[in-house]
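Keeping their order, the protein sequence lines are chains A and B. By the count of the working numbering, the first sequence reaches residue 1181 at its end, each step adding exactly one. By the count of the working numbering, the second sequence reaches residue 1181 at its end, each step adding exactly one. So the structure is just underneath, and the comments pick up after that.
Number of protein chains: 2
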Amino acid sequence: MSNNATEDIVINRAESTKIDAVNFDNLVFGEIFTDHMLICDYKQGVWEKPIIQPYAPFLIDPSAKVFHYGQAIFEGMKAYKDDNEDVWLFRPEENYNRFNKSAKRLAMPEVPESVFMDGMKKLLEIEKEWVKKGIGNSLYIRPFMIATGPGVIAAPAKFYRFMIILSPAKAYYSGEVKVIIAEHFSRAANGGIGAAKAAGNYSAQFYPTKLANEMGFQQIIWTDDATHSKLEEAGTMNVFFRINDTLYTAPTSERILDGVTRKSLIDLAKRENINVEVRPVLVEEVIAAAENGTLQEVFGAGTAAVVNPIVGFSYKEKYYELPKLDNPIALDLKKKLTAIQHKVAKDTFGWTVKI
Amino acid sequence: MSNNATEDIVINRAESTKIDAVNFDNLVFGEIFTDHMLICDYKQGVWEKPIIQPYAPFLIDPSAKVFHYGQAIFEGMKAYKDDNEDVWLFRPEENYNRFNKSAKRLAMPEVPESVFMDGMKKLLEIEKEWVKKGIGNSLYIRPFMIATGPGVIAAPAKFYRFMIILSPAKAYYSGEVKVIIAEHFSRAANGGIGAAKAAGNYSAQFYPTKLANEMGFQQIIWTDDATHSKLEEAGTMNVFFRINDTLYTAPTSERILDGVTRKSLIDLAKRENINVEVRPVLVEEVIAAAENGTLQEVFGAGTAAVVNPIVGFSYKEKYYELPKLDNPIALDLKKKLTAIQHKVAKDTFGWTVKI
């Protein structure tokens, strides 16, 4: 990464800011965006100069391939502000690397580090006021890339647009989260794009999730599509299961997203001398553990939600309530991770990066 | 369908036409669009009045869910002109019904028939000059719907846009088509969205197809993701295998698109007293047939390509060349189907619909 790369970013500042109209104590996730966005276009093999400009709708051709063939990928990240007014990112290189892995899997061009990382840092400098102090507060960062190239032939586009938009955030989920273990629907295929953060993966989940919502469940824990016997991931989160005092989570695969929060929690748990086993987690062993009382916790892990405790789950029309623990590992890990992210606890891992 | 519904379509005509600049003898599929497009917006539960207006880029929010969560579906259809200057559609109700099935699977609103069908007919009336006479000529119709609703929370949008764009077409593929049988990559999961004409399904295919292209093959025949033992469909086509004098094609399923050309060819073949078996087609039986000389033909079937003969295929790094027949069933069926579509042969099935 060139330190001089930000000189190559064109900046068109907004004439005024919307920030005074925002109630930061009462934010719905992902609805409000900051004053500026970053745009960088890719035209026939070359990335143009990134532009930071006022957040606004943009023009796109009706035949743009993103609309027809789903070439669209994204990342989810957060910026945090410490008590010294410094702004921090959490393991941004993980998101950058995963973004380009997703790009490759969808036959899209890789985004240079000078565009993704320096562009993000410059944008965050400009929007510094939008990052609020305090545990739970963050500025959600959404880098994404879409195929803007025109034409309705089913083939990769020749033109792409990389963008970064920012949205101030509080906690992602509220209330008790109950989930259904998938018995029929699936999120990803073997040899498919489940490991990519591809827009198409999410569109597959909405209808089954809507059915789950109608039954009183907030999310689905997806299982492998071939046998529905292995527990894989939830809507926007990886999943951990605590049986006795061991945490189990599925290994990442072609079907499962390599979550940054997931891998951070594994490292954090190991540091806390919590036993963590990364191996396929079978539905039947979790059901057996629920029935014999050894299943202690189930929780999701993701950038938006950080850690999301699950209070109960349904499988084959039977509901399993999880015990209400005084000191759940989920909340302890969440507290420790958010403390690192907010620079309240010492970052022994070197995960945090100052803007 | 109300016959008066077209009164409810707002029409803003283009000031001039681009048609005189188009070389209709030398068209690349899906690159040129006609003078007008249809737009119909869905806002919080209500479809607004459709508008036909000049084809042009449109404004969309950077946080529109189509970019982030892949809520995007489409159809592919064609209009044909007969010698009396009348314009015809081929089984349009099949596309309309499938479109709304796709909508449901992606948690998108169903599009009313008055918008989809009457809107399409009105648009085709206006663009009648773009439909050229003669076998092989057609006006490709691309109805599609995208989630325009803003917000980066992973949930279905509240706002959608339905559009129809039109592109004059000649044959979709040219040259000899060689394919690879998929051994690792997959197109669709059990319980996934493979049966929907969803943008996300195509994005999964581009990278493996690019690898195939680099090896000298134009397309991939996808296999079931769990075992890779069953032959399913190709990039944008269903697939037929002729062993001795019987045609075999996979049944439609959650993983396989219910193609209109596929089902039309089945009916047509049956009328011609060709034996057709719709049942899972195993890779091993096709390989065995290729080896013992009974595999006569392999061909794809889809709206864009109509019928696409395959000259050879690769499996486990071995290339199998298909025999060069004097009277292949593929070309006979293609000739008979296009004759019905172009109103040259009698449409005993009642498939063609006059605009």
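Virtual Cβ for every residue (Gly too), placed ideally from N, Cα, C. Here the structure is a predicted model, which means the values were calculated and not measured.
task = Would you give the residue range spanned by the alpha helix (DSSP H) that L950(B) belongs to?
result = Walking along the second sequence from the start, residue 950(B) turns up at place 124. From DSSP, the alpha helix (DSSP H) with L950(B) extends over E939 to I952.
query = According to DSSP, what are the bridge partners of Q879(A)?
reply = Numbered from its first residue, the first sequence carries residue 879(A) at position 53. Paired residue(s): M863(A).
request  = Measure the alpha-carbon distance for K1161(B) versus N1099(B) and round it to whole angstroms.
outcome  = Working through the second sequence from its first residue, we reach residue 1161(B) at position 335. Working through the second sequence from its first residue, we reach residue 1099(B) at position 273. Using only the alpha carbons, I get a separation of about 16 Å.
message = I need the straight-line Cα distance from E1040(A) to N926(A), nearest angstrom please.
response = Here the question's residue 1040(A) lines up with position 214 in the first sequence. Here the question's residue 926(A) lines up with position 100 in the first sequence. Whole-angstrom Cα-Cα distance: 36 Å.
query = Since H1010(A) meets chain B, which of its residues come closer than 8 Å, beta carbon to beta carbon?
reply = Numbered from 1 along the first sequence, position 184 holds the residue referred to as residue 1010(A). Near H1010(A) (Cβ distances below 8 Å), the residues of chain B are G1017.
request  = Determine the closest residue to K844(A) out of L1057(A), A1095(A) and E955(A), with distance taken between C-alpha atoms.
outcome  = Your numbering for residue 844(A) matches position 18 in the first sequence. Ranking the options by Cα distance to K844(A), first place goes to E955(A).
task = Leaving aside the five residues before and after T1129(B) along the sequence, list all residues of the same chain whose C-beta is less than 7 Å from its C-beta, in chain order.
result = In the second sequence, counting from the first residue as 1, residue 1129(B) sits at position 303. If we look at T1129(B) and ignore the five residues flanking it on each side, its Cβ neighbours are G902, M903, K904, V1086 and T1087.
key: Cβ separation of I1166(A) and A1115(A), assumed to be a contact under 8 Å, to the nearest whole Å   = Position 340 of the first sequence holds residue 1166(A). Position 289 of the first sequence holds residue 1115(A). Contact flag wrong, Cβ pair sits at about 30 Å.
key: Neighbour flag for Y906(B) against chain A, beta carbons, 9 Å   = Numbered from 1 along the second sequence, position 80 holds the residue referred to as residue 906(B). For Y906(B), the answer is no, since every Cβ of chain A falls outside 9 Å of its Cβ.
task = Note the first and the last residue of the continuous beta strand (DSSP E) segment covering V1133(B).
result = Position 307 of the second sequence, counted from the first residue, corresponds to residue 1133(B). Unbroken beta strand (DSSP E) run through V1133(B): V1132 to Y1141.
key: Euclidean distance between Cα positions of N1134(B) and F1125(B)   = Within the second sequence, residue 1134(B) is the residue found at index 308, counting from 1. Within the second sequence, residue 1125(B) is the residue found at index 299, counting from 1. Going by the C-alpha atoms only, they are around 5 Å apart.
request  = Under 6 Å Cβ to Cβ from I990(A), same chain only, skipping five residues before and after it: list those, please.
outcome  = By one-based count along the first sequence, residue 990(A) stands at place 164. So the qualifying residues of the chain are L864, M946, L949 and P969.
inquiry  = Against R917(B), what residues of chain A qualify as contacts under a CB-to-CB distance less than 8 Å, listed in chain order?
reply    = As a working note, residue 917(B) is residue 91 in the second sequence. The contacting residues do not exist; R917(B) stays about 20 Å from chain A at best.
ask   = Applying a beta-carbon distance threshold of less than 9 Å, which residues of chain A neighbour A857(B)?
value = Along the second sequence, one-based indexing puts residue 857(B) at 31. In the sequence as presented, Ala is not what sits at residue 857(B); that position holds Glu. Near E857(B) (Cβ distances below 9 Å), the residues of chain A are S889, P976, G977, V978 and I979.
task = Taking A882(A) as the reference, give the member of A890(B), Y1028(B) and T1049(B) with the closest Cα.
result = Working through the first sequence from its first residue, we reach residue 882(A) at position 56. For A882(A), the nearest C-alpha among the options comes from A890(B).
query = With contact counted as at least three CB pairs below 8 Å, one residue from each stretch, are the region 884-898 of chain B and the region 957-977 of chain B in contact?
reply = yes
Interface partners of S928(B) on chain A, CB under 9 Å = Working through the second sequence from its first residue, we reach residue 928(B) at position 102. Under the 9 Å cutoff, chain A gives no residues; its nearest Cβ is about 10 Å from S928(B).
task = Pick out the complete beta strand (DSSP E) segments inside the region 963-993 of chain B, 3 residues or longer, and give them in chain order.
result = 964-973
ask   = So is S993(B) in contact with chain A if we call contact Cβ pairs under 9 Å?
value = Translated into the one-based positions of the second sequence, residue 993(B) becomes position 167. It does; some Cβ of chain A falls within 9 Å.
ask   = Can you check whether the CB of V1104(A) is closer than 9 Å to the CB of P1077(A)?
value = Locating residue 1077(A) in the first sequence gives position 251, counting from the first residue. Locating residue 1104(A) in the first sequence gives position 278, counting from the first residue. In contact: P1077(A) and V1104(A) (Cβ atoms closer than 9 Å).
message = Any beta carbon of chain B sitting closer than 9 Å to that of V848(A)?
response = For this step, residue 848(A) is matched to residue 22 along the first sequence. No - not a single Cβ of chain B is within 9 Å of the one on V848(A).
task = Apply the 10 Å Cβ neighbour rule to H1010(B) and answer buried if 16 or more other Cβ atoms are within range, or exposed otherwise.
result = As a position in the second sequence, residue 1010(B) is number 184, starting the count at 1. Answer is exposed; the Cβ neighbour count stays below 16.
task = Kindly identify the DSSP beta-bridge partner or partners of T1178(A).
result = If you number the first sequence from 1, residue 1178(A) lands on position 352. DSSP lists F916(A) as partners of T1178(A).
request  = Kindly confirm or deny that the region 854-863 of chain A and the region 902-922 of chain A touch, where touching means at least three C-beta pairs closer than 8 Å.
outcome  = no
key: Cβ-Cβ distance between E1059(A) and I1092(A) below 9 Å   = Stepping through the first sequence from its first residue, residue 1059(A) is reached at position 233. Stepping through the first sequence from its first residue, residue 1092(A) is reached at position 266. Their beta carbons are not under 9 Å apart, which means E1059(A) does not touch I1092(A) by this criterion.
query = How is the beta strand (DSSP E) around Q1167(A) delimited, first residue to last?
reply = Against the first sequence, residue 1167(A) aligns to sequence position 341. Per DSSP, Q1167(A) belongs to no beta strand (DSSP E); it is in the alpha helix (DSSP H), I1155 to Q1167.
inquiry  = In chain order, what are the residue ranges of uninterrupted alpha helix (DSSP H) at least 4 long that sit wholly in the region 1072-1152 of chain B?
reply    = 1086-1097 and 1109-1118
F1066(B) - DSSP class collapsed to helix/strand/coil = As a working mapping, residue 1066(B) is identified with position 240 in the second sequence. Three-state result, F1066(B): strand.
ask   = When you check each C-beta in the region 851-882 of chain A against every C-beta of chain B, which residues fall closer than 9 Å?
value = V854, F855, G856, E857, F859, M863, I865, Y881 and A882
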